[in-house]
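Colleague: Residue numbers (my numbering), protein chains in the order written: chain A, 6 to 119; chain B, 104 to 218.
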Amino acid sequence: GENVEQHPSTLSVQEGDSAVIKCTYSDSASNYFPWYKQELGKRPQLIIDIRSNVGEKKDQRIAVTLNKTAKHFSLHITETQPEDSAVYFCAPRGRNTGFQKLVFGTGTRLLVSP
Amino acid sequence: GEEVAQTPKHLVRGEGQKAKLYCAPIKGHSYVFWYQQVLKNEFKFLISFQNENVFDETGMPKERFSAKCLPNSPCSLEIQATKLEDSAVYFCASSLGTAQNTEAFFGQGTRLTVV
């Protein structure tokens with residue numbers, strides 16, 4: 006099956022700093038690369054996604070970059086704010102899972118200090 | 104509906120009792136997924152459906168867990184003879200499932216506590 010790893014597992018930054026979370030995956034046929042944000046006690050919510058024909062996508066302070074050759078994609082958050090504090094999950098989708106199952110990474114806890 | 108609706112929000116069961124969780128996917132979505140999230144935050148995939156058919160059940164502990172998605176009814180996840188380690192938040196998600204639109208939307212989850 007798909008093997009998905011995230012690094013780092015925890016990340017502490019000061020408000021205004023940038024944060025980068027990396028996700029590596031094993032299925033070279035993966036074609037959809039989303040990032041989810043889960044606040045404490047809440048459901049995971051999609052914050053940004055990218056497809057395999059695109060290398061980078063931005064949405065205000067967040068961006069995702071994809072390196073298909075190296076099989077990893079990264080979440081970039083600039084000008085972090087305390088409300089960015091949450092657990093972030095990558096969940097690539099590939100052929101090994103019939104392109105229909107999200108296999109979640111292990112999660113990265115981001116803490117943004119004021 | 105426009106949101107994945109899960110009921111109940113909280114469920115407490117004594118060890119050995121049965122637990123049944125429900126999920127109403129977003130109208131028009133073909134795929135339904137069940138995930139188990141324990142305290143360590145990791146999401147464990149349990150099962151997925153394409154309409155009322157099981158699509159992938161590789162994550163299901165088959166001895167005590169079962170799930171159904173019947174037409175015109177909420178999907179359900181049933182745990183027979185619950186154990187302490189079944190305590191977790193169970194999330195349901197649905198997606199359109201087309202090549203162009205694969206975003207999965209999650210319900211608010213059901214927190215199951217086995218005592």
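Heads up, the beta-carbon is just placed ideally off N, CA and C, and yes, glycines get one too.
Only a predicted model underlies this, so the values are computations on that prediction, with no experimental measurement involved.
(1) In its own chain, which residues sit with a C-beta less than 7 Å from the C-beta of I82 of chain A, not counting the 5 before and 5 after it?
(2) Could you say which of A:E20, A:D32, A:N36 lies nearest to S2 of chain A if we only look at CA atoms?
(3) Would you list the one or two residues that DSSP bridges to F209 of chain B?
(4) Is the stretch 208–215 of chain B touching the stretch 155–174 of chain B in the sense that three or more CB pairs, one from each, lie closer than 8 Å?
(5) Taking R18 of chain A as the reference, which of A:S79, A:Q50, A:T85 has the closest Cα?
(6) Near L187 of chain B, which residues of its chain fall below 7 Å by C-beta distance, leaving aside the five closest residues on each side in sequence?
(7) Between the beta-carbon of S198 of chain B and the beta-carbon of A207 of chain B, is there less than 8 Å?
(8) How would you list, in chain order, the residues of chain B whose beta-carbon sits under 7 Å from the beta-carbon of L51 of chain A?
(9) Where does L114 of chain B fall in DSSP's three states?
(10) Give me the subset of the stretch 84–109 of chain A whose CB atoms are less than 9 Å from a CB atom of chain B, sorted by chain position.
(11) From P13 of chain A to E7 of chain A, what does the alpha carbon distance come to, in whole angstroms?
(12) Among B:Q211, B:F209, B:G200, B:G210, which has the Cα closest to the Cα of Y37 of chain A?
(13) Put N166 of chain B into one of helix, strand or coil per three-state DSSP.
(14) Going by Cα to Cα distance, which pick from A:L51, A:Q50, A:V69, A:F94 is closest to V59 of chain A?
(15) Below 6 Å CB to CB, which residues in the same chain sit around A127 of chain B once its five sequence neighbours on both sides are set aside?
Modeller: Working from what's here:
(1) Against the first sequence, residue 82 of chain A aligns to sequence position 77. Result list for I82 of chain A: S23, A24, R66, I67, D89, in chain order.
(2) Outside the modelled stretch of chain A, which goes from 6 to 119, sits residue 2 of chain A, for which no answer is possible.
(3) For this step, residue 209 of chain B is matched to residue 106 along the second sequence. Answer is B:A196, bridged to F209 of chain B.
(4) No, because fewer than three Cβ pairs between the stretch 155–174 of chain B and the stretch 208–215 of chain B fall closer than 8 Å, the two stretches do not touch.
(5) The residue you call residue 18 of chain A lines up with position 13 of the first sequence. Note that residue 18 of chain A corresponds to Val in the displayed sequence, not to Arg. Comparing Cα positions, the closest option is A:T85.
(6) Within the second sequence, the letter at position 84 stands for residue 187 of chain B. Hits under 7 Å: E118, V217.
(7) Your numbering for residue 198 of chain B matches position 95 in the second sequence. Your numbering for residue 207 of chain B matches position 104 in the second sequence. In this structure, A207 of chain B lies closer than 8 Å to S198 of chain B by Cβ.
(8) Position 46 of the first sequence, counted from the start, is the residue given in the question as residue 51 of chain A. Those are E206, listed as they occur along chain B.
(9) For the purposes of this step, residue 114 of chain B is taken as the residue at position 11 of the second sequence. It is a strand residue.
(10) V92, F94, A96, R98, T102, G103, F104, Q105, K106, L107, V108, F109
(11) If you number the first sequence from 1, residue 13 of chain A lands on position 8. If you number the first sequence from 1, residue 7 of chain A lands on position 2. C-alpha separation (whole angstroms): 19 Å.
(12) Residue numbering aside, residue 37 of chain A sits at position 32 when the first sequence is read from its first letter. Out of B:Q211, B:F209, B:G200, B:G210, B:G200 has the C-alpha closest to the C-alpha of Y37 of chain A.
(13) The residue given as residue 166 of chain B occupies position 63 in the second sequence. According to the sequence provided, residue 166 of chain B is Glu. The question's Asn does not apply to it. E166 of chain B: coil per DSSP, three-state reduction.
(14) As a first step, residue 59 of chain A is located in the first sequence; it is residue number 54 there, counting from the start. For V59 of chain A, the nearest C-alpha among the options comes from A:V69.
(15) The residue you call residue 127 of chain B lines up with position 24 of the second sequence. For A127 of chain B, where only same-chain residues beyond five positions count, the Cβ hits under 6 Å are A108, P177.
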